[in-house]
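Okay, structure first, notes after.
Spelled out as structure tokens, the structure:
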């Protein structure tokens with residue numbers, strides 16, 4: 001197992017375009033999280049899946065954002081009609097049910113909206 | 115005011131010195147406390163976690179939690195240039211489903227050879 005994988009690593013898009021990111025968690029982890037991190041800030045929670053169910057969404061996740069985790073495996077995060085304020089690092093993490101001890105992050109997808 | 119405050123630094127120390135990092139928080143419900151290390155262009159990596167108040171040691175790292183003061187610390191002994199990174203504190207109320215983490219803004223540390 002190579003940890004949490006995210007694809008792509010970098011994405012540059014024009015304002016107004018749609019983008020989709022993919023996350024492959026550690027295979028035995030049933031929880032999957034998306035966080036957003038802007039320059040000089042700590043990660044901020046966006047949403048969380050337990051298996052295929054999306055159990056919580058932050059108010060940061062506007063209706064332009066949608067996340068899915070079909071079959072409880074990989075997850076996708078889509079941003080529609082991107083805005084310059086969406087420029088950030090999007091981090092995926094996974095954990096087991098005992099995840100209170102912290103979870104494993106991927107290396108992130110860096111989005112730049114021009 | 116943010117729930118978790120952390121001095122952004124940068125904190126510059128000579129190799130071999132002790133690095134002292136801390137966070138303050140306002141939510142008294144936080145029970146689990148973690149420290150992550152983040153290298154440039156990488157995701158955060160869990161260093162240590164502690165539950166409630168007390169100390170925990172792991173190699174060159176010592177984490178302290180003082181819930182009465184809402185203050186947590188991380189000490190790095192015998193610092194090495196490879197310790198140069200951003201250090202993030204994170205915390206969560208309970209060991210419950212979801213347990214989303216609230217992070218501080220991170221402190222950038224530079225260990226000079």
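Residue numbers (my numbering), protein chains in the order written: chain E, 1 to 114; chain R, 115 to 227. By construction, the Cβ of each residue, glycine as well, lies at the ideal position given by its N, Cα and C atoms.
| Candidates R:227, R:225 and R:190: closest to residue 150 of chain R by CA position | Checking every option, the nearest Cα to that of residue 150 of chain R belongs to R:190.
| request: Taking a Cβ distance cut-off of 8 Å, strictly less, list which residues of the region 134–163 of chain R are near chain E, in chain order. | output: Those would be 146, 148, 150, 155, 156, 157, 158, 159, 160 and 163, in chain order.
| task | Note down, in chain order, all residues in the region 40–54 of chain E with a beta-carbon under 7 Å from any beta-carbon belonging to chain B. | result | In summary, chain B is missing from the structure at hand, where the protein chains are E and R.
| task | Locate the beta strand (DSSP E) running through residue 20 of chain E, then write down its first and last residues. | result | From DSSP, the beta strand (DSSP E) with residue 20 of chain E extends over 19–24.
| Chain-ordered residues of the region 63–93 of chain E with a beta carbon less than 9 Å from chain R | The residues in question are 89, 91, 92 and 93.
| query | With 16 other CB atoms within 10 Å as the buried threshold, where does residue 88 of chain E fall? | reply | It is buried - the Cβ of residue 88 of chain E has at least 16 other Cβ atoms within 10 Å.
| field | Contacts of residue 107 of chain E in chain R (Cβ-Cβ under 7 Å) | value | Near residue 107 of chain E (Cβ distances below 7 Å), the residues of chain R are 156 and 157.
| said: Just to confirm the assignment, what range does the beta strand (DSSP E) spanning residue 187 of chain R have? | reply: Segment 185–190, the beta strand (DSSP E) holding residue 187 of chain R.
| request: May I have the straight-line CA-CA distance separating residue 81 of chain E from residue 29 of chain E, to the nearest angstrom? | output: Those two C-alpha atoms are separated by around 32 Å.
| What does residue 28 of chain E reach in chain R if we use C-beta pairs closer than 8 Å? | None at all; the shortest Cβ gap to chain R is about 17 Å.
| said: Within 10 Å of its beta-carbon, does residue 111 of chain E have 16 or more other beta-carbons around it, so buried, or fewer, so exposed? | reply: By the 16-neighbour rule on beta-carbons within 10 angstroms, residue 111 of chain E is buried.
| Just curious, the beta strand (DSSP E) that residue 128 of chain R is in, first and last residue? | Residue 128 of chain R -> beta strand (DSSP E) spans 125–128.
| Nearest to residue 75 of chain E by CA position, among E:24, E:16 and E:3, is which residue? | Nearest of E:24, E:16 and E:3 to residue 75 of chain E, Cα basis: E:24.
| query | Between residue 123 of chain R and chain E, is there a C-beta pair that is closer than 8 Å? | reply | Under the Cβ criterion of 8 Å, residue 123 of chain R is not counted among the residues facing chain E.
| message | Can you find the residues in the same chain that come closer than 8 Å, C-beta to C-beta, to residue 96 of chain E, ignoring five residues on each side of it along the sequence? | response | Result list for residue 96 of chain E: 28, 29, 30 and 31, in chain order.
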